[in-house]
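Have a look at the structure below, then the notes.
Protein chains in written order, with UniProt numbering: chain A, 1 to 479; chain B, 1 to 479; chain C, 1 to 479; chain D, 1 to 479.
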């Protein structure tokens, strides 16, 4: 289960040509439980969603205490010090920054005092109208100390100081546009919020009398909770001494779940919005085999992201599955440097071709996607240098042509290879004998009849939420 | 010049029965100067005003950078790292907390972003209506991250987001009650503000084209600037590329300068609101001699705070001045622990009686004041144990009977010995043969005809600013 | 069609023991139409819902013009001056005050300028938390010129000055509790809003390309529009140059339509929330006949409110229907004075018994309800004095025991006869031989299976929206 | 005393080429007095300052009642109804609109409810930054119902809802720029405010225990009060049950009293800012005689505005004073129509030349000023047609070249004849044999050594308060 985490850690740096994971959130309300430690384990299970900083806030009915730091959860949080965070409610956050730079002041949860007492907040996603909101808050006298869009949410909630906290959250949801899955802690309650499109996942679990909220169901498993259901788009879940209640800030409809969670981001053992990630990924591989018929000797994955799809391809095509690239699991995050030189080195250090498997073979390689294209070319060369006769490069998703503004760092559009080159040009660029991207129809077909519920903006530019207030990049620069 | 600073450091802990110094502020605007380093030196000269934390903020016309930490300026600020703080404007702060606990989040300067860009603020003094203001700000949606009254000022300035910054400061001055000497830094200007009563000192200096603001003129000397004048009560001084301008938020009148600055707080080499501290203190000693005529062999000070007054006493009375108590200058702050056991030990470790001077003598001891009375008794006993025949304890100020709410930590009223005992009872308590406090008339007489301009609330309870919004203690507990 | 209006006019004064009608709203968006005049006709059709004041606001895309005055629409509005109100959008209002006294300043529509330009608003209903909201607005600096709860709505909408107008309305809907059907006019659009419980009616009609909003469908008929549908509880309808769009501020559920609209308030030719008022009323009469079996010679209505139910009673029971009380249609509003003396006189002047019909008969009299009981006793006496042998008094609704806080003036609870007396006591009080109120089950049964969608608070005290913020009366006194 | 008032009434219309008077304010605090009636008399004495609308608000310690209407005080206010306005505090206002059009909604006092209870306000002057302030208030959610700058002041005061009312007024004074003399009534107090430049007059009087505030001291005389002093620029006067207190929102300095008050606006029997208007005007005439030496037979005034200066001219020059133009005092306001045709007629109807006085004479005519020049030419022709041999036209003020933005309606600059023509050109235009304007030095010399305290912007364009936020005209168009 933690294998995938290890993979993500190794791939977390800019050196590796992958979409960046975003953030993971976790929350628990459970009298009599060591909620701080359970949250720590929850973050560990969500570590693949962010490795820049981590934090835990714990409430005991009267106040909120906080621990946060830079790095992995295990680096950021002092497990021994955690035992001093007594209480029955906790939230946690792992962060890869999409907004705000990598400083401790930007680490989450954010904890603050307002007219309602202390409140803490952890956020996964990205607001698209943060510039407008921030300048409105400025002109009304707000003061900011960080550069995150999450501090904007905090200030909006505090601004709506009248009525109930849920009223404030509902009004805030009217203001904020874009992607957000939130867990909020007050002195006495745990609250989960999901944006009306449901861009980012958020699920609800139960362990005995305790309730758990998490970005992915794999974190529920880790703390011994069972998946109850996904939080619905536009829903607010409140858990307090009266149990669980639900409010809908917006009527249902217009779902736009991030399809890339299924392609790459989420852990395969998670179940998101009704779909088992592992099963969905295998179907992508099967569909790839239907779309791209080729005479080949073996099919191999780019580990680890291509594994499940490669297996599906093998099953459907009948071509034998092999593991032709071995991954060095001992490459830590600190080793990988974001300079260009190291990038070249990085691929070789990270992936080792198995010459016995590859030599003389017509090889089908399956990966999930190509971002800038730099790594793919090196992988093709590695395989060819190992004696392969043919190398067919297959992707379990369509070409990424557009930036994401809803919480995934896709780089600027000008860096995306598919924004400038067509498939044939990319094939030549990476030096493969064949190149095929899964068609968008094929990808959507995997989900059966529920095809209208996904955001596919990175493939076709159909942005479900207006992005005109952004500055053209999925990563905001507020500083 | 730094001798006094060393003394203050040694006396800074709670173990020593002294009024607590408060805070010191410094600001400089000077193109071409190493303003960060000059501010560091300025804080060094003001170190006696606060040893809990220190910080420096530097502006270069476009942004503000900050360094701050716990402890003395030399501990809190990395002198090497300081060289990276480039700019032509700087402010600095040394802090002894009167409001808010001793955490880094409460250290100053506070730097924040608001509609006007970045602003930093350093504050000496204490607001008396902070609870009211804070709850008003809360109900209007403000968010707080520290427990200082200074963050209240910051939020008020940001709230008044329309009109000029000076307009905002003027409106804020209408709201805030109590004592405040502020230095404010923006991306392009340095601003000094003094409350309409002028409780705490703030002076203006000049070095060539550069302007300097400081709590005491001794800090001007340190950075090679000359004293121009004191900032007037209710005045706002703005220094920017257009030079210096002045605004009066309130008409003059009702000055209430803290008289205790002259008795104990300020460095003797400072000149405050037109009076030379050293000269004033010597006159207090002379007046003490006029009020308390005694046959004695020698007059000795309690070092260092009683020195100048003892010297004045000797001059006026004709009784020879001796140094009968030697101070161990090597006792650091860290050594002194605030527990009761250590307090007893503390006096002996800190003061060494000179038996040759004291034995067989009728001794007049001069100190500046008595707070709780614990240390004074030990000093009398030390002297008597050294062979003195008589010990007359003289104070260069009247009995402290009331708490200060304007920036000095006098402890709660119930801890003040003079709030509960009369002079004869105190004499018995400390075991002296004679005890005399300088009369309030005598103290005021030292200043000639300008006697109506001082706050003497700690002596007689005449509070110039309403204190009903405080919770009965000069030290606010917002947490 | 105007017969009913005439009736209402005659019964509008306090002298007549009836629940007071509340307000009526109307709106139209139609290029090329004389919208001011059509609104005038619409108000005429809704006149039975309010006779204290009337007003019309017209927008032409650039500004809003207003005419309003005291009295009936025909008195308040200058039909000739109306022709100067050019535009393609209009709203109108007839008012019986539930909040605010009877002054011109309280007449609606309210027209004001805010950051979005000019806006006008007309409101039917009553907010239950207006005191709280008003004091919150006060503390945030709002200024009020009237005493209506509608001005509170106006200020809230203006407060939420950021985002779209619809966003502002949605946030306002989170704040305001209670009953509200609103029509709003901006310089360029017409908006209809109905509270999440749907207390008061509001329907949507169409005439060619023009859209019409009205409290009751009878007003659609008057202006030649067809009923499209009812506005849903929690729905916002926006009509502008782009046509009609709908937003749901709240998810559906928890409907609480005022059942008294069907019993008495609405015009019988209206269709409200799917039910034909005339048909429903006749069924009430039928059900009454099933519940109260009596040997009688004739059944007569109290005109006009009892007519339809009396007819239903006659159909079901087989007892012949007669008109035994004739109404003097020439009694104007101005004639009826609210003093006690005139009340006695009032009944005789207004109702004339037909001796030929009544003499020697066992009479069943059907009315819709009893409020204070003063009039009912006089009617029984009138009939008995005309020679009737028996008088059975039947009501097509259950006893009114509780005040309404959602827009109907039921008087204070202490004035309601059924709050203090049981049915037998009331029978004695009014001097009837028999008295029967329709049972609540019987009333609800008329609506078939949709029995859970009504507010029946005036009968059983089940208030769907918290009334603790009211001051115990359905009529707010803000002055 | 009322003669001057009558004159003003007759000249109040647009037909007569005069600067428009602005507004007059009055306030009284006096237990046991009929304050409503005294205010009515006060307005009567100030009628020359505005004839478009009038109003009176009266407070009795618990609430404020209001009467206002269009026209003269005698038309707008029902003297009998006034007796129902019981209380011990009152304010009144006569208005000639400089901002906002002539509708009842714009008449003053404005009375409103805010967090502090009821407040009424009457304003003389003109704000120069009303557009900026209004849009700021809009963006913070304020709602406006009139088009006056006074409603802006009202909303600002209400916005500053925390601290004392005086604090709110002080903050408001930081925001508002331009000219304002205010009288404010609360349920329990009377407040007078004068802008920091003192553009418009405001004086304080006393009658027994009662205090009076008025635009001019002539109104004090009318109600039997004695002039105590002028309200100082930047001063706030508060009168309540504790008597009178004063606050200074701004330090003194930069006075800019409107010099035109002395030239034309004020009544001659008033004493303003230390100068007797009558005496000052006579000195203007004397100075005119020193500057313009001429052989002439008689000196006559243009009645009534030139009378006092003509008399001074006669005294200094030795030329005999005569009344050569008789004024028809029975021309009412309603008779004068603002069309061009009637303007021609207007002069003849209004002024009748006395042929016996004028025939064969060399005539010096003295008036106070020329605005557009239309009337002056007609007067010259009238005199010449009556047989005068020479006509010398003299003005007791310099040429008006610039618009006023501080409360006087000078017309747009393009309408001012002196903005386009030099003196010789104007002489030809009006057909006089000689034309002389009093020099600015000469005018200022009349005031002795206090020459730096006046606003002379209409003569020389030295605007003491920035006018860049205005739209180029002294009369704002907010609608």
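Cβ atoms here follow ideal geometry from the backbone N, Cα and C, with glycine treated the same way.
Fair warning: this is a prediction, and the values are worked out from it, not measured in the lab.
Checklist entry - Which residues share a DSSP beta bridge with residue 29/D? => result Working through the fourth chain from its first residue, we reach residue 29/D at position 29. Bridge partners of residue 29/D: 89/D and 211/D.
Next on the checklist: I'd like to confirm the pairing. Which residues does DSSP put opposite residue 57/D in its beta bridges?
Outcome noted: The sequence position of residue 57/D within the fourth chain is 57, counting from 1. 66/D and 91/D, per the DSSP bridge assignment.
Item to check | Interface partners of residue 139/B on chain A, CB under 7 Å | outcome: To locate residue 139/B, count along the second chain from 1; it is residue 139. Within chain A, the residues 115 and 161 have their CB atoms less than 7 Å from the CB of residue 139/B, given in chain order.
Checklist entry - List, in order along the chain, the chain B residues whose C-beta lies closer than 8 Å to that of residue 428/D? => result Position 428 of the fourth chain holds residue 428/D. The premise fails here: residue 428/D is roughly 48 Å from chain B at the closest Cβ pair, so nothing lies under 8 Å.
Next on the checklist: Give me the chain D residues within the contact set of residue 174/B, using Cβ-Cβ distance strictly less than 7 Å, ordered along the chain.
Outcome noted: The sequence position of residue 174/B within the second chain is 174, counting from 1. The contacting residues are 163, 167, 170 and 171.
Checklist entry - Going straight from the alpha carbon of residue 464/C to that of residue 203/C, what length do you get? => result Within the third chain, residue 464/C is the residue found at index 464, counting from 1. Within the third chain, residue 203/C is the residue found at index 203, counting from 1. Residue 464/C and residue 203/C: Cα-Cα distance of roughly 22 Å.
Item to check | For residue 141/C, the nearest candidate out of 90/C, 158/C, 148/C and 85/C (CA to CA) | outcome: Working through the third chain from its first residue, we reach residue 141/C at position 141. Residue 141/C has its Cα closest to that of 158/C, out of 90/C, 158/C, 148/C and 85/C.
Item to check | residue 45/B versus residue 409/B - alpha carbon distance | outcome: Residue numbering aside, residue 45/B sits at position 45 when the second chain is read from its first letter. Residue numbering aside, residue 409/B sits at position 409 when the second chain is read from its first letter. Between residue 45/B and residue 409/B, the C-alpha separation is close to 21 Å.
Next on the checklist: Rounding to the nearest angstrom, what Cα-Cα distance links residue 386/A and residue 364/A in this structure?
Outcome noted: Position 386 of the first chain, counted from the start, is the residue given in the question as residue 386/A. Position 364 of the first chain, counted from the start, is the residue given in the question as residue 364/A. C-alpha separation (whole angstroms): 14 Å.
Next on the checklist: What ranges does the beta strand (DSSP E) occupy inside the stretch 247 to 302 of chain B, keeping only unbroken runs of at least 3 residues that lie completely in it?
Outcome noted: 298 to 301
Item to check | Close beta carbons around residue 175/D, own chain, < 7 Å, minus the five adjacent residues each side | outcome: By one-based count along the fourth chain, residue 175/D stands at place 175. Result list for residue 175/D: 133 and 156, in chain order.
Next on the checklist: Counting only Cβ pairs nearer than 7 Å, list the residues of chain D close to residue 136/B.
Outcome noted: Reading the second chain from its first residue, position 136 is the one you call residue 136/B. Residues of chain D passing the Cβ test: 162.
Checklist entry - Any beta-carbon of chain D closer than 8 Å to the one on residue 419/C? => result Within the third chain, numbered from 1, the residue matching residue 419/C stands at position 419. Answer no: the Cβ-Cβ gap between residue 419/C and chain D never drops below 8 Å.
Item to check | Secondary structure of residue 239/C, DSSP reduced to three states | outcome: What you label residue 239/C is simply residue 239 of the third chain in a count that begins at 1. Strand, per DSSP.
Checklist entry - How about residue 106/A: is its C-beta nearer than 8 Å to some C-beta of chain B? => result Here residue 106/A refers to the residue found at position 106 of the first chain. False, the Cβ-Cβ gap to chain B never drops below 8 Å.
Item to check | Same chain only: Cβ atoms within 7 Å of residue 480/C, ignoring 5 sequence neighbours per side | outcome: With chain C covering 1 to 479 only, the question about residue 480/C has no answer from this structure.
Next on the checklist: Excluding the 5 residues flanking residue 234/C on each side, which residues of the same chain have their C-beta closer than 6 Å to its C-beta?
Outcome noted: Position 234 of the third chain, counted from the first residue, corresponds to residue 234/C. Within the same chain, residue 234/C has close Cβ partners 196, 248, 249 and 250.
Next on the checklist: Out of 305/D, 129/D, 69/D and 458/D, which one is the CA nearest neighbour of residue 110/D?
Outcome noted: Indexing the fourth chain from 1 puts residue 110/D at position 110. It is 69/D.
Item to check | For residue 435/B, the residue or residues it bridges with in DSSP | outcome: Taking the first residue of the second chain as 1, we reach residue 435/B at position 435. Residue 435/B is bridged to 393/B.
Item to check | the stretch 178 to 190 of chain C / the stretch 109 to 129 of chain C touching (three or more Cβ pairs under 8 Å) | outcome: yes
Item to check | residue 419/C - containing alpha helix (DSSP H), residue span | outcome: Here residue 419/C refers to the residue found at position 419 when the third chain is read from its first residue. Taken as a continuous stretch (DSSP letters only), the alpha helix (DSSP H) holding residue 419/C covers 417 to 420.
Checklist entry - Under a CB-based cut-off of 8 Å, is residue 412/C close to chain D? => result Locating residue 412/C in the third chain gives position 412, counting from the first residue. It does not: the Cβ of residue 412/C has no partner Cβ on chain D nearer than 8 Å.
Item to check | Simplified DSSP state of residue 199/C, which is helix, strand or coil | outcome: One-based indexing of the third chain puts residue 199/C at position 199. Of the three classes helix, strand and coil, the one that applies to residue 199/C here is coil, per DSSP.
Checklist entry - Using 8 Å as the limit for Cβ to Cβ distance, is residue 459/A near chain B? => result In the first chain, residue 459/A corresponds to position 459, counting from 1. Interface annotation, residue 459/A: not in contact with chain B, CB-CB separation never under 8 Å.
Checklist entry - Using 8 Å as the threshold, is the stretch 208 to 226 of chain A in touch with the stretch 51 to 58 of chain A, meaning 3 or more CB pairs across them? => result no
Checklist entry - Within 10 angstroms of its Cβ, does residue 481/A collect 16 or more other Cβ (buried), or is it exposed? => result Given that chain A is displayed from residue 1 to residue 479, the structure contains no residue 481/A and the question cannot be resolved.
Next on the checklist: Can you check whether the C-beta of residue 112/A is within less than 8 Å of a C-beta belonging to chain B?
Outcome noted: One-based indexing of the first chain puts residue 112/A at position 112. Output row for residue 112/A: interface = yes.
Next on the checklist: For residue 146/C and residue 260/D, what's the separation of their Cα atoms in angstroms?
Outcome noted: One-based indexing of the third chain puts residue 146/C at position 146. One-based indexing of the fourth chain puts residue 260/D at position 260. When rounded, the distance between both Cα atoms is 40 Å.
Checklist entry - In chain order, what residues of the same chain have a beta carbon less than 6 Å from the beta carbon of residue 59/A, not counting five sequence neighbours either side? => result For the purposes of this step, residue 59/A is taken as the residue at position 59 of the first chain. Answer for residue 59/A: 87, 89, 185 and 187, listed in chain order.
Checklist entry - Among 369/D, 80/D and 279/D, which one has its Cα closest to the Cα of residue 417/D? => result As a working note, residue 417/D is residue 417 in the fourth chain. Considering only alpha carbons, the answer is 369/D.
Item to check | Against chain A: residues of the stretch 60 to 94 of chain B by CB proximity under 8 Å | outcome: none
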